[in-house]
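> In the working numbering, the protein residues as written are 432 to 704.
Heads up, the beta-carbon is just placed ideally off N, CA and C, and yes, glycines get one too.
None of these values were measured; they are calculated from a predicted model.
Encoded as structure tokens, here's the structure I'll be asking about.
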Ligand SMILES: C[S@@+](CC[C@H](N)C(=O)[O-])C[C@H]1O[C@@H](n2cnc3c(N)ncnc32)[C@H](O)[C@@H]1O
């Protein structure tokens, strides 16, 4: 079977064309983004092992395994990150949080990423601002292994800490960023997310359990004038704004993601309290 016929077969089974191309490129050992290569080689034959591998990937994708777990890679804010079942697949929406932090941080800022997962936010910030001091926390030792491997491969210095939000963190930061779990336990959307770690997704009965904890703990670790920036669910902006106001933050405001949804909320710890 040649490459073109393999693609047709995957499409006939219901797979989207772009995803089929990505998986085929991965199965034959090419860069998964190099669609031009496929056009140039579409009459070449797959060997038996490549065909078996491709068809296995197609079946896994049809059973809703994230594409990034199948290829092992996800692009995020200009970085290529290695990902697997131990971490959430970084989403393009989270780039909004990175861009906001980049606008806020002063020269040589110290920044803390809470719930770093694959390291996406911390590594994107360190890549964009090499002079910033980055620390990152996760409660999952497995996730930290993935983040540390990404940091090492990309040559980006981030201090990783294993712990429960800010409980083991020392000192104060200019900016604290977090994309914490924010889905309610009974949310029907969870049915489509079973491949990713539930520790990365689920946050109590109303989805706000972890955001409440972070909003309560962050003030003790922000310099006066420092910012806390949080990603949250599509319908949580008002609730998160209220939590930040209640915790004593000023300048509380929300930002829209690429789809125009209020996806991040932040506030500034006042200079004088
Ligand atoms: C939604 S994922 C975000 C991952 C990554 N920051 C990103 O944006 O792709 C949330 C992360 O928070 C971590 N986490 C959950 N509960 C935690 C806790 N109590 N303390 C620290 N990290 C926690 C999870 O292990 C997971 O890696």
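State yes or no: is the C-beta of residue 709 within less than 7 Å of the C-beta of residue 473?
Residue 709 falls outside the range modelled here, since the chain spans only 432 to 704, and no answer is possible.
> Taking the straight line between their C-alpha atoms, what separation do you get for residue 632 and residue 592?
One-based indexing of the chain shown puts residue 632 at position 201. One-based indexing of the chain shown puts residue 592 at position 161. Approximately 20 Å between the Cα atoms of the pair.
> Give me the Cα-Cα distance between residue 476 and residue 492, rounded to the nearest whole angstrom.
Start at 1 with the first residue of the chain shown, and residue 476 comes out as number 45. Start at 1 with the first residue of the chain shown, and residue 492 comes out as number 61. Taking the straight line from one Cα to the other gives about 23 Å.
> I need the DSSP call for residue 473, collapsed to helix, strand or coil.
By 1-based counting over the chain shown, the position of residue 473 is 42. Of the three classes helix, strand and coil, the one that applies to residue 473 here is coil, per DSSP.
> Cα separation between residue 482 and residue 454?
What you label residue 482 is simply residue 51 of the chain shown in a count that begins at 1. What you label residue 454 is simply residue 23 of the chain shown in a count that begins at 1. Roughly 11 Å between the two C-alpha positions.
> How close, in whole Å, do the beta carbons of residue 563 and residue 582 come, if the pair is a contact with beta carbons under 8 Å?
Position 132 of the chain shown, counted from the first residue, corresponds to residue 563. Position 151 of the chain shown, counted from the first residue, corresponds to residue 582. With a Cβ gap of about 14 Å, residue 563 and residue 582 do not count as contacting.
> When every heavy atom of ligand 1 is checked, does at least one fall within less than 6 Å of the C-beta of residue 546?
The residue labelled residue 546 in the question sits at position 115 within the chain shown. Yes, the beta carbon of residue 546 sits closer than 6 Å to at least one heavy atom of ligand 1.
> Between the Cα of residue 689 and the Cα atoms of 490, 516, 526, which residue gives the shortest distance?
For the purposes of this step, residue 689 is identified with residue 258 of the chain shown, where counting begins at 1. Nearest of 490, 516, 526 to residue 689, Cα basis: 526.
> For chain E, check one thing: does any of its Cβ atoms lie closer than 7 Å to the Cβ of residue 498?
The chain labelled as chain E is not found in the depicted structure, where only one protein chain is given.
> With C-beta atoms as the reference, is residue 510 less than 7 Å away from residue 501?
In the chain shown, residue 510 corresponds to position 79, counting from 1. In the chain shown, residue 501 corresponds to position 70, counting from 1. Against a cut-off of 7 Å, the Cβ pair of residue 501 and residue 510 comes out as no contact.
> Which runs of the alpha helix (DSSP H) fall wholly inside the segment 620-654 and span at least 4 residues, in chain order?
Those alpha helix (DSSP H) runs which fall completely within the segment 620-654 and span 4+ residues are 640-648.
> Just to confirm before moving on: does the CB-CB distance between residue 677 and residue 685 stay below 7 Å?
If you number the chain shown from 1, residue 677 lands on position 246. If you number the chain shown from 1, residue 685 lands on position 254. Against a cut-off of 7 Å, the Cβ pair of residue 685 and residue 677 comes out as no contact.
> Going by the C-beta, is residue 596 closer than 6 Å to any heavy atom of ligand 1?
Residue 596 sits at position 165 when you count from the first residue of the chain shown. True, at least one ligand heavy atom lies under 6 Å from that Cβ.
> Is any non-hydrogen atom of ligand 1 found closer than 6 Å to the C-beta of residue 552, if you look at the structure I gave you?
Counting from one through the chain shown, the residue named residue 552 turns up at place 121. Yes, the Cβ of residue 552 comes within 6 Å of a heavy atom of ligand 1.
> Rank 667, 486, 614, 654 by C-alpha distance to the C-alpha of residue 436 and give the top, closest one.
If you number the chain shown from 1, residue 436 lands on position 5. Measuring from the Cα of residue 436, the nearest candidate turns out to be 486.
> Nearer than 6 Å: is that true of the beta carbon of residue 474 relative to any heavy atom of ligand 1?
Taking the first residue of the chain shown as position 1, residue 474 is located at position 43. Not under cutoff, so the answer is no.
> CB residue 503 to CB residue 513, shorter than 7 Å?
If you number the chain shown from 1, residue 503 lands on position 72. If you number the chain shown from 1, residue 513 lands on position 82. Contact: yes.
> Are residue 603 and residue 652 close, meaning C-beta to C-beta below 7 Å?
For the purposes of this step, residue 603 is taken as residue 172 along the chain shown, with counting starting at 1. For the purposes of this step, residue 652 is taken as residue 221 along the chain shown, with counting starting at 1. Yes, the Cβ-Cβ distance between residue 603 and residue 652 is below 7 Å.
> Starting from residue 605, trace the beta strand (DSSP E) both ways and give me its first and last residue.
Taking the first residue of the chain shown as 1, we reach residue 605 at position 174. Unbroken beta strand (DSSP E) run through residue 605: 604-609.
> Please list the terminal residues of the continuous alpha helix (DSSP H) segment that includes residue 577.
Indexing the chain shown from 1 puts residue 577 at position 146. Run containing residue 577: 572-585, per the alpha helix (DSSP H) assignment.
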